[in-house]
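Under this note's numbering, the first residue of the sequence shown carries the number 1, and numbering increases by one thereafter.
Backbone N, C-alpha and C fix where the C-beta goes; we use that ideal spot for every residue, glycine too.
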Amino acid sequence: MKIGFIGLGNMGSGMARNLLAKGFSVIGFDMNPEMLSILEADGIQRADNIVTIANEVELVVLCLPNQDASKQVVDELLEEGTIVTTIIETSTLSPAFVAELGKSVEASGKKFLSAPMIGGKGHAQNGTIEFLIEGKREVLDGLREVFDAMGSKLRFMGEIPSATLAKLAFNLSRYANLAVGVETHRLLEKYGANIPAMYEFMSEQSLDNFGQV
């Protein structure tokens, strides 16, 4: 299978390389010509624009920096005459935006999956990204080998925007915990607390609580 990949930055370049390593042929496009040259040397076919990809492959994976970029790229992929049949969007988008994006793709008669990622650059490079997937299960069933090549785990969350909401909840919880940790440390320092003893106490309590759950 030949796959189009648009957005070859820190995350996308790693996933595209993993597709190559698993035997897929990849044609890619990015706004950074230097990155395209590097990936071309690795074996990825270089596309000079999005239209080239849209006229050459049926499946396209997107990994873009913001919603405006996603909207612009999808609009080009949906233009009349392209052979694209399926779009996988891995960017982290807002619930309302991804719902509208999915509707517009499906209204054009094409298939759409949104797959926000859990993990960072290192996970993308070593193939341990986790995908939270939303859309139609039957579409996912036909693309599992693609996700298996790019990452190590996938969770089907249901209809759009279930996965997007799960990623949002995950981020809110993670950053809330980080904020609590920072403020706790500041409080302990302010009053000259015995921080190692405090950490030991809190760690024991945390483990006990998780054990009860």
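Outcome for Thr82 when other beta-carbon atoms lying within 10 angstroms are tallied against a minimum of 16
In the sequence shown, the residue the question calls residue 82 occupies position 82. By the 16-neighbour rule on beta-carbons within 10 angstroms, Thr82 is buried.
Comparing alpha-carbon positions, which option in Lys22, Leu20 and Val51 lies nearest Asp30?
Locating residue 30 in the sequence shown gives position 30, counting from the first residue. For Asp30, the nearest C-alpha among the options comes from Val51.
Tell me whether the beta-carbon of Ala47 lies closer than 8 angstroms to the beta-carbon of Leu77.
Residue mapping note: residue 47 aligns to position 47 of the sequence shown, counting from 1. Residue mapping note: residue 77 aligns to position 77 of the sequence shown, counting from 1. Contact flag unset, no.
Compute the Euclidean distance between the alpha carbons of Glu200 and Asn194, then round it to the nearest angstrom.
As a working note, residue 200 is residue 200 in the sequence shown. As a working note, residue 194 is residue 194 in the sequence shown. Glu200 and Asn194: Cα-Cα distance of roughly 10 angstroms.
Taking the straight line between their C-alpha atoms, what separation do you get for Ala16 and Ser114?
Sequence index remark: in the sequence shown, residue 16 carries index 16 (1-based). Sequence index remark: in the sequence shown, residue 114 carries index 114 (1-based). Their Cα atoms are separated by approximately 17 angstroms.
Report yes or no: do three or more beta-carbon pairs, one from the stretch 149–166 and one from the stretch 176–195, lie closer than 8 angstroms?
Too few Cβ pairs lie closer than 8 angstroms, so no.
Between the alpha carbons of Met150 and Ser37, how many angstroms are there, rounded?
Stepping through the sequence shown from its first residue, residue 150 is reached at position 150. Stepping through the sequence shown from its first residue, residue 37 is reached at position 37. Cα to Cα, Met150 sits roughly 21 angstroms from Ser37.
Let me check one thing: in DSSP terms, what residues is Gln205 bridge-paired to?
As a position in the sequence shown, residue 205 is number 205, starting the count at 1. Partner(s): none; Gln205 has no beta bridge.
Can you list, in chain order, the stretches of the alpha helix (DSSP H) that have 4 or more residues and sit fully within the stretch 21–53?
Fully enclosed alpha helix (DSSP H) runs of 4 or longer: 33–42.
Chain-order list of residues whose beta-carbon lies under 8 angstroms from that of Glu40 (same chain, five-residue window excluded)
Indexing the sequence shown from 1 puts residue 40 at position 40. Cβ neighbours of Glu40 beyond the five flanking positions: Arg46.
Which ranges would you report for the alpha helix (DSSP H) in the stretch 61–136 if only whole runs of at least 4 residues count?
With a minimum length of 4 residues, the continuous alpha helix (DSSP H) runs that stay inside the stretch 61–136 are 67–77, 95–107 and 121–126.
For Ile6, list the residues DSSP reports as bridge partners.
Locating residue 6 in the sequence shown gives position 6, counting from the first residue. Paired residues: Phe29 and Leu62.
CA-to-CA distance, Asn18 to Asp148, given in whole angstroms
As a first step, residue 148 must be located in the sequence shown, where it is residue number 148. As a first step, residue 18 must be located in the sequence shown, where it is residue number 18. Distance between the alpha carbons of Asp148 and Asn18: 10 angstroms.
For a test of the three-state rule: what should DSSP assign to Leu143, helix, strand or coil?
Taking the first residue of the sequence shown as 1, we reach residue 143 at position 143. Residue state, collapsed to three classes: coil.
Take Asp42 and list the residues in its own chain whose beta-carbon comes closer than 8 angstroms to its own, dropping the five residues that flank it on each side.
Taking the sequence shown and counting its residues from 1, one reaches residue 42 at position 42. Correct list, in chain order: Arg17 and Leu20.
Outcome for Lys22 when other beta-carbon atoms lying within 10 angstroms are tallied against a minimum of 16:
Here residue 22 is taken as the residue at index 22 of the sequence shown, counted from 1. By the 16-neighbour rule on beta-carbons within 10 angstroms, Lys22 is exposed.
Inter-residue Cα distance where the pair is Thr128 and Asn49
Numbered from its first residue, the sequence shown carries residue 128 at position 128. Numbered from its first residue, the sequence shown carries residue 49 at position 49. Thr128 and Asn49: Cα-Cα distance of roughly 29 angstroms.
Pick from Gly7, Glu130 and Ala197: whose alpha carbon is nearest that of Glu34?
Looking up residue 34 in the sequence shown gives position 34. Closest option to Glu34, Cα to Cα, is Gly7.
For a test of the three-state rule: what should DSSP assign to Met157, helix, strand or coil?
The residue labelled residue 157 in the question sits at position 157 within the sequence shown. Residue state, collapsed to three classes: strand.
Would DSSP call Glu189 helix, strand or coil?
In the sequence shown, counting from the first residue as 1, residue 189 sits at position 189. DSSP places Glu189 in helix when its eight states are reduced to three.
Residue burial classification, Glu134 (beta-carbon count within 10 angstroms, cutoff 16)
The residue you call residue 134 lines up with position 134 of the sequence shown. Per the 10 Å Cβ criterion, buried.
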